[in-house]
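To start, the structure under review is shown below, and the notes come after it.
There are 2 protein chains.
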Amino acid sequence: MAKSIRPAPLHVTLAVVFQVRERALQVLMWQRGRDPDKGRWALPGGYLDQGETLEQSIRRQLAAKVDVRELAHLEQLETRSEPERNPRGWELATAYLGLVPSDVDPAVPADTAWHPVDPVPPAAFDHGEIVGAGLRRLRAKLSYTNIGFALAPDVFTLSELRTIYVAALGREVSATNLQRVLLRRGVLERTGSKRDPGRTGGRPAELFRFRAPRLEVTDQFAVLRPPRRELRSATR
Amino acid sequence: MAKSIRPAPLHVTLAVVFQVRERALQVLMWQRGRDPDKGRWALPGGYLDQGETLEQSIRRQLAAKVDVRELAHLEQLETRSEPERNPRGWELATAYLGLVPSDVDPAVPADTAWHPVDPVPPAAFDHGEIVGAGLRRLRAKLSYTNIGFALAPDVFTLSELRTIYVAALGREVSATNLQRVLLRRGVLERTGSKRDPGRTGGRPAELFRFRAPRLEVTDQFAVLRPPRRELRSATR
DNA sequence: GCAAAAGTGTTGTGTCTACACCCATGT
DNA sequence: ACATGGGTGTAGACACAACACTTTTGC
Chain A
0 MAKSIRPAPL
10 HVTLAVVFQV
20 RERALQVLMW
30 QRGRDPDKGR
40 WALPGGYLDQ
50 GETLEQSIRR
60 QLAAKVDVRE
70 LAHLEQLETR
80 SEPERNPRGW
90 ELATAYLGLV
100 PSDVDPAVPA
110 DTAWHPVDPV
120 PPAAFDHGEI
130 VGAGLRRLRA
140 KLSYTNIGFA
150 LAPDVFTLSE
160 LRTIYVAALG
170 REVSATNLQR
180 VLLRRGVLER
190 TGSKRDPGRT
200 GGRPAELFRF
210 RAPRLEVTDQ
220 FAVLRPPRRE
230 LRSATR
Chain B
0 MAKSIRPAPL
10 HVTLAVVFQV
20 RERALQVLMW
30 QRGRDPDKGR
40 WALPGGYLDQ
50 GETLEQSIRR
60 QLAAKVDVRE
70 LAHLEQLETR
80 SEPERNPRGW
90 ELATAYLGLV
100 PSDVDPAVPA
110 DTAWHPVDPV
120 PPAAFDHGEI
130 VGAGLRRLRA
140 KLSYTNIGFA
150 LAPDVFTLSE
160 LRTIYVAALG
170 REVSATNLQR
180 VLLRRGVLER
190 TGSKRDPGRT
200 GGRPAELFRF
210 RAPRLEVTDQ
220 FAVLRPPRRE
230 LRSATR
């Protein structure tokens, strides 16, 4: 068979793992101890093993290297193939987007840390561009899907959710309108219970939760909508 | 170096190439002459060569196999990795979405043909799912980007454009509203000239063209829009 | 009572669909 | 004249941002 003589590239999986921490969107990276790009920050990941899928591979890398089993969402981002992307040799990389809810604090190895994403930290190889791609994907999906569930705790007040959206989108979001948009779409639901106000007082906040724990498109036909008849029978 | 002993999967690139032909969205496939999956239809593509990028690879495959240089748009779709996806052995596949304007008719080899996409033809391997992914991507982008430029001729009447959107979306679209939506967004512009009516008469149709020949997001903030102040300064 | 925090009422705006109507041509 | 295909006017639906206002607590 010709298979054994055909050259094949090495293949790695990488993950852009985001979490909202201290009111900022942060990305998990580790500091390279060796050349090339020694001292720069790299995305977690590693080589694909024989017989595993890309998703199994990135889950394995994340579980082994950074004890992140709290991954609430994981989706494929893109596959990079520039021959010069790794100076050591030909290597393809398939990147994933991972999201961790804001109420957990995974233990990470000594060389690994969370970095605010606003200025992307000096990154190894093409990892800075990959972080940018993850950021664009996350921000887009925040407006037309329920992806917020993967960044938020199980239950939360609306001002907590607002903090998360502000951090992730990098701009102001009003709690008033956030509530109405997400409730109307059926993305959020009220739990019925309330949170005790602090010693500073104030009206007790209602607790909400996301209705579905999986990604759903909530605003499928933002524009160029199908005729109303179809909408009513198919979507409603 | 450890590189030479690490097992790496073979890597192929595939393309879902769509064109609107005879008022239907069709996909380019070739019929396999050998097992596995002999007689079933497969997407064009082939093995990645050393030192080339995925995009170079799929462009080479398309140019060599099916003389499609009229590709008006090409974007990466997804990378598939299920170990059993090719029974002959471990093989990853990176799929691309390609679009051909409706006014050209590329010459294709004898084993290759266009297939209406409504029932996806009996496909080899996981190619049916890949066609589905391409279809979803195209349909979504038709509503929030200018991607129609890649399916339409350089200039066209609105009823011609309507035919293309109807075929691609698989549902009714009114020419009236299509015109207004696309004109308002600045996606379309009038050429100033008109098309002669046939011998059947009728008011001569204005000719339009897409303003930009590259993909642009035209409806970035479909929902959860940023505050008006930011919109005015940044977008307008 | 008053400050603080949360939630609701309401208005205005922009963008879309739907449909009636008007326009320009060939026969 | 009138059939035919193309374009416009306009009303209504809807979802959103903005902001004033009300509710509920602690002190």
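Protein chains in written order, with numbering that gives the first Met the number 0: chain A, 0 to 235; chain B, 0 to 235.
Built from N, CA and C at the ideal position, the CB exists for glycine as well.
Among the CB atoms of chain B, none fall inside 8 Å of the CB of A/Arg59.
Scanning its chain for C-beta atoms nearer than 8 Å, with the 5 sequence neighbours on each side dropped, one finds around B/Glu69 the residues Val99, Pro100, Val103 and Pro105, in chain order.
The beta carbon of A/Arg210 sits no closer than 8 Å to any beta carbon of chain B.
A/Leu214 carries a coil assignment under DSSP once its states are collapsed to helix, strand and coil. One thing to note: A/Ala41 has its Cβ no nearer than 8 Å to the Cβ of A/His114. Contact annotation: A/Gln25 and A/Val130 have beta-carbon atoms that are not nearer than 8 Å. Counting along the chain, the unbroken beta strand (DSSP E) around A/Glu77 starts and ends at His72 to Arg79. Collapsing the DSSP output to three states places B/Ser142 in a helix. Here DSSP, grouped into helix, strand and coil, assigns A/Thr175 to helix. Against B/His10, the close residues of chain A are Ala7, Pro8, His10 and Leu91, in the order they occur along the chain (beta-carbon pairs closer than 8 Å). The C-beta of A/Gly201 comes no closer than 8 Å to any C-beta of chain B. Distance from the Cα of A/Glu51 is smallest, within the candidate group B/Arg183, B/Pro8, B/Gly45 and B/Gly32, for B/Pro8. Residue environment analysis places B/Gly200 among the exposed positions, since fewer than 16 neighbouring C-beta atoms fall within 10 angstroms of its C-beta. DSSP places B/Arg31 outside both helix and strand once states are collapsed to three, so it counts as coil. Taking the Cβ atoms as the reference, B/Ile163 lies roughly 10 Å from B/Ala149, outside the contact range of under 8 Å. Taking 8 Å as the threshold, the shortest C-beta distance from A/Leu53 to chain B falls below it. Each of B/Leu181, B/Leu134, B/Thr156 and B/Asp195 was checked against the Cα of B/Ala166, and the nearest Cα belongs to B/Leu134.
Contact residues of the region 62-81 of chain B toward chain A are Gln75, Glu77, Thr78, Ser80 and Glu81 (C-beta to C-beta distance below 8 Å). Between A/Gln49 and chain B, the shortest Cβ-Cβ separation is below 8 Å. Between B/Val16 and B/Gln55, the alpha-carbon positions lie close to 16 Å from each other.
In this structure, B/Glu128 sits away from B/Tyr95, with a CB-CB distance that is not shorter than 8 Å.
When CB distances to chain B are screened at a threshold of 9 Å, the residues of the region 23-50 of chain A falling below it are Tyr46, Leu47, Asp48, Gln49 and Gly50, in chain order. Excluding residues up to 5 positions away in sequence, Val165 lie with their Cβ nearer than 8 Å to the Cβ of A/Glu171 in the same chain. Residue nearest to A/Ala63 within the set A/Glu77, A/Val107 and A/Arg179 is A/Val107 (criterion: CA-CA distance). The C-beta separation of B/Arg189 from B/Leu177 comes to about 14 Å, leaving the pair out of contact by the 8 Å criterion. Shown here, A/Phe124 sits in coil according to DSSP, grouped into three states, outside any helix or strand. Counting the other Cβ atoms within 10 Å of the Cβ of B/Lys140 gives 16 or more, which makes it buried. The beta carbon of B/Pro212 sits closer than 7 Å to those of Phe148, all from its chain and outside the five residues before and after it, given in chain order. A Cβ-Cβ distance of about 10 Å is found for the pair B/Val65 and B/Gly44, leaving them out of contact under the 8 Å criterion.
Beyond the five residues adjoining it in sequence on each side, B/Arg39 comes within less than 7 Å, by CB distance, of Arg31, Pro121, Ala122 and Ala123 in the same chain, given in chain order. Annotation for B/Leu53: the continuous alpha helix (DSSP H) segment containing it runs Leu53 to Val65. Using a 10 angstroms sphere on the CB of B/Ser158, the tally of other CB atoms stays under 16, which defines it as exposed. A/Thr156 and A/Arg184 have their alpha carbons spaced roughly 18 Å apart.
Secondary structure at A/Leu24: strand, using DSSP grouped into helix, strand and coil.
By the C-beta density criterion, A/Gln60 is buried, having at least 16 other C-beta atoms within 10 angstroms.
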